[in-house]
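Asks: Chains as they are written, first to last, in the UniProt record's numbering: chain A, 1 to 225; chain B, 1 to 74; chain C, 1 to 254; chain D, 1 to 239. Every residue gets a Cβ at the ideal spot worked out from N, C-alpha and C, and that includes glycine. There's a structure below that I have some questions on.
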Amino acid sequence: MARKSPSSNSLQVRQLSCERDGRVLFAGLDFELGAGQALQVEGANGAGKTTLLRTLIGSAGDFTGEIAWNERAFPAALPDLRAHLLYIGHGAGVRRGLTPLENLAWYGAGRGEAMRALEQVDLFGFEDSLCHQLSAGQNRRVALARLFLPGAPPLWILDEPLAALDVAGVSALQGQMACHLSRGGSILFTSHQPLALAGLRTLNLSEYATEEPEPLAEEGTDVFA
Amino acid sequence: MQFQFDSLAAFLHMDGHGTFVWAAYGVTFLTLTALALQPRLQRRRLKRELERQQRIEARRRSVETRRTREAEPA
Amino acid sequence: MAWQWFHRLGSPRWFYQKTSAWMPWLALASLLLIGAGSIWGLGFAPEDAKQGNSYRIIYIHVPAAFLALAGYYIMAISGAIGLIWKMKLSFVVMRAAAPIGAVLTFIALFTGAVWGKPTWGTYWVWDARITSMLILLFLYIGVIALSRAFSREQVADKACALLALVGTVNIPIIYKSVDWWFTLHQPATIKFTEKSSIDPSMFYPLLTMVIGFYCLYAWTLIAHTREKILQREWRTSWVQQLMGGESATESKAG
Amino acid sequence: MSSLEQPVLDYTPRARNVAGFVALLRSELLLALRRSADIANPLLFFVTVLALLPLGVGPEPDLLARLAPGMIWVVALLATLLSQESLFRGDFEDGSLEQLALAPQPLYFAVLAKVSVHWLVTGLPLALLSPLLGMMLNLPSGGYLSLFLSLLLGTASLSLIGAVGAALTVGLRRAGLLLALIVMPLYVPVLIFGTGAVQAAVDGYAYGPQLAILAALLAGGTALAPLAAAGAIRISLDN
């Protein structure tokens with residue numbers, strides 16, 4: 001599985017502002033995520049954490065400002081970013097009708113790699129049972145098993161990855177994240193729990209929220225964004 | 001070009017087809033006027049909605065000012 | 001200059017102010033044209049040799065049928081502009097055009113049915129034109145139902161725009177297949193609104209009515225769009241000013 | 001069919017679209033075969049409704065013979081519509097539809113794979129079962145082959161058009177009725193030429209042209225419908 005050297009990948013965000021249902025969630029957001037860096041996005045519920053992540057992967061439509069991947073701006077750079085992206089959103093992305101092994105094969109993993117990955121997320125013995133028989137927590141761990149596959153893509157964008165994990169699971173995930181960073185990968189994730197990762201930067205989205213929902217703009221929204 | 005019917009009654013009767021013709025014209029113009037007046041109704045509903053919004057805003061702001069005033073002397 | 005105009009067209013406030021001036025003239029024009037056309041058609045145009053006076057319904061049936069179909073294309077085109085250039089204003093125009101088009105299709109169907117009674121003795125005739133018009137009504141109802149189903153306006157706009165585009169691609173196919181189906185089961189009676197060479201004395205009132213209906217359509221579409229703009233932009237200061245100002249004048253006048 | 005060897009969301013730049021499509025087709029088929037209820041429901045609906053027809057209109061053979069082509073086709077259309085809603089719903093709820101939308105392979109192939117499996121699981125069995133229903137409704141002997149062929153081609157177009165409706169309403173909760181409302185007008189041409197083919201065969205005329213038009217509708221649908229459905233999926237995901 002040849003892959004471009006991960007060290008060169010970088011995601012830059014300049015003066016990003018996202019709007020949802022006519023309300024500006026945050027504005028003037030700037031940050032950069034280079035190789036080997038991790039960024040934790042915090043903020044109150046409704047501050048737009050999920051909207052930020054979905055905007056970065058191109059699922060959410062309208063934003064103002066600039067997002068660049070390897071110095072190429074969106075939307076031209078979007079396909080390239082997606083080719084190097086591993087995204088785990090609220091929905092686990094695990095198909096209920098398949099077994100964990102088949103799900104991981106669906107994501108391009110060999111049988112042996114998948115078995116080892118499932119072991120590390122404490123799903124040993126559940127490899128061949130159908131996912132709709134597993135609990136929601138177990139299904140999320142099947143999704144997280146994708147992080148333990150050897151050929152995982154360099155850029156990880158994870159929405160609340162620690163939600164369904166017990167203490168052992170959290171430490172295993174922390175270890176895997178650290179290993180990914182050491183190999184030059186980059187991680188952007190949202191979480192309420194603090195995570196002990198070397199060089200972890202945090203970003204509080206509430207600081208970028210517009211103070212109080214004052215009317216959008218004198219001129220009205222310039223819709224021709 | 002001159003008026004086709006000799007009297008108003010004949011005009012209404014239209015040798016038997018009058019009911020159909022006037023029914024068609026009546027319903028058409030009724031629906032069209034209803035369609036044309038609809039924006040005016042929506043405008044009135046929006047104004048009531050805005051006033052209700054401003055009243056809620058005003059009440060919320062007054063509650064906040066009262067709460068901050070109570071907090072200060074403590 | 002054209003590009004700049006197109007860009008400014010995107011701002012709802014600019015559209016609202018610009019159209020305030022046009023509205024009275026457009027309303028006047030449509031009232032005059034429709035008034036004159038119907039009086040002309042009802043009273044002064046000669047009656048039809050075969051159908052007698054019942055054919056006078058043509059002066060509202062044909063314009064309504066024209067606009068019902070044209071209205072769908074107008075809705076689909078404004079939806080497409082919204083999807084391609086992400087212009088919210090054109091989405092608003094699309095959402096306003098849907099109910100207007102549906103009402104016009106209903107009028108076309110109703111007047112067609114009432115016209116069918118004296119001509120064929122039954123209200124409903126499975127004629128090619130009328131059947132295609134019925135399917136067009138279902139297409140409109142589909143778009144309106146979809147627009148009501150979403151909680152978020154932005155998603156509803158895009159979904160309706162896409163459905164309208166899919167509908168536009170299918171309309172010619174539907175019309176042709178219904179025509180084929182009608183000729184297959186051709187009853188012995190004459191075709192409903194055949195394009196027989198209509199002589200001038202009937203053509204001019206019809207032309208006046210068609211132009212009048214187009215003006216009325218434009219006026220109604222702009223009026224509905226303006227209302228929807230106010231509903232969507234109620235948070236902005238220019239709308240609250242406008243509404244505030246209006247209630248002030250009303251309270252003064254009331 | 002034990003397990004999937006071929007990776008579906010292959011991240012290496014060399015991911016070939018066709019390989020992705022074949023792997024997706026296989027995983028969809030695997031999923032569909034495991035949900036056997038989804039296969040049986042449309043067929044049971046098809047048989048029971050057509051069995052009710054004589055109870056409704058009376059058992060006279062010549063009346064049933066006149067009604068048979070149209071009724072079989074209308075009920076087949078309703079049966080496909082019935083099973084259309086679940087096309088994307090399962091994947092939408094567990095998040096794999098979003099993963100498909102993010103995959104390097106274009107969404108067109110994912111939709112095409114899903115629709116082909118949906119056709120294999122509902123359209124094909126309906127077409128295979130239709131001669132049996134034809135006998136039940138006293139369909140004249142000339143019409144059986146054209147019934148089978150027209151349903152074979154027609155149900156594929158119905159699945160494709162229905163996929164657009166399913167994609168538009170996947171984000172909504174009770175979308176069954178809305179889906180029917182949206183796609184019903186779009187089904188009209190397929191229904192007209194489908195029943196036309198069977199009627200022509202029954203009356204002893206050549207039904208080749210009708211089948212040709214059905215095939216043309218299918219070709220147009222295969223090219224355009226997945227694109228519209230892919231666009232609709234991206235819109236619904238943003239809900």
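1) Anything in the segment 59-79 of chain D with a Cβ closer than 8 angstroms to a Cβ of chain C? List those residues in chain order, please.
2) Exposed or buried, which one is A:K49 when buried takes at least 16 other CB atoms within 10 Å?
3) Can you list, in chain order, the residues of its chain whose CB lies under 7 angstroms from that of C:T225, leaving out five sequence neighbours each side?
4) When the Cα atoms are used, what is the spatial distance from C:V239 to C:S151?
5) Distance, Cα to Cα, C:I190 vs B:L46?
6) Should A:P154 go down as buried or exposed, given a rule of 16 or more other Cβ atoms within 10 Å for buried?
7) Are the C-beta atoms of B:L8 and some chain C residue less than 8 angstroms apart?
8) Would you give the residue range spanned by the alpha helix (DSSP H) that A:R140 belongs to?
9) At a CB distance below 7 angstroms, what residues from the segment 12-36 of chain A approach chain C? Give them in sequence order.
10) Excluding five sequence neighbours on each side, which residues of the same chain lie with their C-beta closer than 8 angstroms to the C-beta of C:A253?
11) Could you spell out the range, first to last residue, of the beta strand (DSSP E) harbouring A:G61?
12) Between which two residues does the alpha helix (DSSP H) carrying A:N103 extend?
13) CB D:L147 to CB D:G134, shorter than 8 angstroms?
14) According to DSSP, what are the bridge partners of A:T202?
15) Apply the 10 Å Cβ neighbour rule to A:E207 and answer buried if 16 or more other Cβ atoms are within range, or exposed otherwise.
16) Taking DSSP as the reference, what is the three-state secondary structure of A:Q176?
17) Tell me where the beta strand (DSSP E) around A:V24 begins and ends.
18) May I have the straight-line CA-CA distance separating D:G231 from A:P79, to the nearest angstrom?
19) Which residues share a DSSP beta bridge with A:D159?
20) By alpha-carbon positions, which one of D:L145, D:A167 and D:T122 ends up nearest to D:L107?
21) If the criterion is Cβ atoms closer than 8 angstroms, does the pair C:A102 and C:Y140 meet it?
22) Nearest-angstrom Cα distance between C:F66 and B:T28?
23) Compare the Cα-Cα distances from A:T202 to each of A:R72, A:L33, A:R183 and A:A77 and report the closest residue.
24) Would you mind telling me which residues of chain A sit closer than 7 angstroms to C:K18, beta carbon to beta carbon, in chain order?
25) In the structure shown, what three-state DSSP assignment does A:A47 receive?
26) Along the chain, where does the alpha helix (DSSP H) containing A:R96 start, and where does it finish?
27) For C:D179, which of helix, strand or coil comes out of DSSP?
28) What number of angstroms, rounded off, separates the C-alpha of C:A27 from the C-alpha of D:A175?
29) Could you list the residues in the segment 91-119 of chain A with a C-beta less than 9 angstroms from some C-beta on chain D, going in chain order?
30) CA-CA distance, A:A152 and D:A19?
31) Are there 16 or more other CB atoms within 10 angstroms of the CB of B:L30, so buried, or fewer, so exposed?
32) Taking just the CA atoms, how far does B:I56 sit from B:V63?
33) Compare the C-beta of D:G196 against all C-beta atoms of chain C and say whether one is closer than 8 angstroms.
34) Looking only at DSSP bridge pairs, what is A:V13 linked to?
35) For C:G79, which residues in the same chain have their Cβ closer than 6 angstroms to its Cβ, ignoring the five residues on either side in sequence?
36) A:N139 to B:Q42, Cα distance in whole Å?
Replies: Well, looking at it:
1) Of all residues in the segment 59-79 of chain D, none has a Cβ within less than 8 angstroms of some Cβ in chain C.
2) With 16 or more Cβ atoms within 10 Å of its Cβ, A:K49 is classed as buried.
3) Scanning its chain for C-beta atoms nearer than 7 angstroms, with the 5 sequence neighbours on each side dropped, one finds around C:T225 the residues V92, V93 and A96, in chain order.
4) Cα to Cα, the separation comes out at about 23 angstroms.
5) With a pLDDT of only 47 at C:I190, under 50, the local geometry of the prediction cannot be trusted, and the value read off the model is given with reservation. For C:I190 and B:L46, the distance between alpha carbons rounds to 51 angstroms.
6) With 16 or more other Cβ atoms within 10 Å, it is buried.
7) It does not: the Cβ of B:L8 has no partner Cβ on chain C nearer than 8 angstroms.
8) According to the DSSP assignment, A:R140 belongs to the alpha helix (DSSP H) that extends over A136 to L144.
9) Taking 7 angstroms as the Cβ-Cβ cut-off against chain C, the residues of the segment 12-36 of chain A that qualify are D21 and G22.
10) Here C:A253 scores only 41 on pLDDT, less than 50, and its place in the model should not be relied on; the value that follows carries that caveat. Excluding positions up to five away in sequence, the list is empty.
11) Run containing A:G61: none; DSSP gives neither H nor E here.
12) For A:N103, the enclosing alpha helix (DSSP H) stretches over residues P100 to W106.
13) Closer than 8 angstroms, so yes.
14) Bridge partners of A:T202 according to DSSP: A:Q40.
15) Answer is exposed; the Cβ neighbour count stays below 16.
16) Note: A:Q176 maps to helix in three-state DSSP.
17) R23 to L33 is the extent of the beta strand (DSSP E) around A:V24.
18) Spanning the two alpha carbons is a distance of roughly 16 angstroms.
19) The secondary-structure analysis by DSSP pairs A:D159 across a beta bridge with A:T190.
20) For the residues D:L145, D:A167 and D:T122, the minimum Cα distance to D:L107 belongs to D:A167.
21) Contact: yes.
22) Roughly 15 angstroms between the two C-alpha positions.
23) The shortest Cα separation from A:T202 among A:R72, A:L33, A:R183 and A:A77 belongs to A:L33.
24) Going along chain A, no residue has its Cβ under 7 angstroms from C:K18, so there is no contact; the nearest lies around 13 angstroms.
25) A:A47 falls in the coil class under three-state DSSP.
26) Where A:R96 is concerned, there is no enclosing alpha helix (DSSP H), given that its DSSP letter is neither H nor E.
27) It is helical.
28) Answer to the nearest angstrom: the Cα atoms are 40 angstroms apart.
29) The residues in question are G91, A92, G93, V94, R95, R96, G97, L98, T99, L101, E102, N103, A105, W106, Y107, G108, A109, G110 and R111.
30) Computed Cα separation, rounded: 20 angstroms.
31) Around the CB of B:L30, fewer than 16 other CB atoms lie within 10 Å, so the residue is classed as exposed.
32) B:V63 and B:I56 have their C-alpha atoms some 11 angstroms from each other.
33) Yes, D:G196 lies at the interface with chain C (some Cβ there is under 8 angstroms from its Cβ).
34) Bridge partners of A:V13: A:F31 and A:I67.
35) Within the same chain, C:G79 has close Cβ partners M94, A161 and A164.
36) Looking at the two C-alpha atoms, the distance is approximately 48 angstroms.
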